[in-house]
Amino acid sequence: ALAIALDAHKGQVDLDGKPAILHPLAVGMEGKNLTEMCVGFLHDVVEDSDYTFERLREMGVALKIIRTLQVLTHDKSVPYMDYIRNIEASGNEAALQVKINDLRQRRLLTLRYRQKGTPHRRGHADESHIAILRRRDLA
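For the sequence shown, this note's numbering assigns the number 224 to the last residue and increments by one with no breaks.
So, in structure tokens, the structure goes:
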């Protein structure tokens, strides 16, 4: 999973100009088990690169990981809050925990961007998003 994430995010940078891979690494390292770690490393791969779920499967990524990634991958035609509610409704515990970890990391990035006066992606790491997921006592 780590090798795939490194390849998928190769050359990408965040708003600070730092390697984009640092975010998936941080999310993966927050995982409480191997599944959460692998999903954390891979959670942005399909959204932010030319990797597909089919390609991940062909590369030997476990079906359990791919199914969790499918829950976490945001279809841009779905409003963001509906996407968050869909994760909660999925009952996929790994997806729920990884999304909480993702939002925690994004909240830290957002705070850093605000301190520097750097523009940041709106709609991410909002407390209301985390609160929806926390209702499941996972955060």
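Positions of the beta carbon are idealized from the N, C-alpha and C atoms, including for glycine.
All values reported here derive from a predicted model rather than from experimental measurement.
Any non-hydrogen atom of the ligand COA within 7 Å of residue i CB
i: GLY113; result: The ligand COA is not part of this structure, which contains no ligands at all.
Residue span of the alpha helix (DSSP H) that contains residue i, given as start and end
i: PRO104; result: Per DSSP, PRO104 belongs to no alpha helix (DSSP H) and is neither H nor E.
i: LYS149; result: 148-157
i: ALA86; result: First-last for ALA86: undefined, no H or E at that position.
i: GLY176; result: Here GLY176 belongs to no alpha helix (DSSP H), and DSSP marks it neither H nor E.
i: THR120; result: 119-127
i: VAL130; result: 130-133
Beta-carbon separation (whole angstroms), residue i vs residue j, contact threshold 8 Å
i: HIS128; j: PRO109; result: 6 Å
Span separating the alpha-carbon of residue i from that of residue j
i: ILE106; j: ALA147; result: 21 Å
i: TYR165; j: GLU139; result: 24 Å
i: VAL130; j: ALA174; result: 23 Å
i: ASP101; j: GLU115; result: 22 Å
i: GLN155; j: GLY145; result: 16 Å
i: ASP133; j: ALA180; result: 18 Å
i: GLN97; j: VAL124; result: 19 Å
i: LEU119; j: ALA111; result: 14 Å
i: LEU157; j: TYR168; result: 8 Å
i: ARG189; j: GLN182; result: 11 Å
i: ARG192; j: ASP99; result: 14 Å
i: GLY176; j: LYS184; result: 13 Å
i: ALA86; j: ASN171; result: 24 Å
i: ASP83; j: GLU178; result: In this structure the chain extends from 86 to 224, so residue 83 is not present and cannot be described.
Option in the options with minimal Cα separation from residue i
i: ALA88; options: TYR168, GLU139, GLY113, LEU100; result: GLY113
i: LEU93; options: ALA179, THR120, MET122, PHE126; result: Before going on, a small fix: residue 93 reads as Ala here, not Leu. Taking only the C-alpha atoms, the option nearest ALA93 is PHE126.
i: LEU91; options: GLU121, VAL183, TYR136; result: TYR136
i: GLU121; options: ARG142, ILE151, GLU143; result: ILE151
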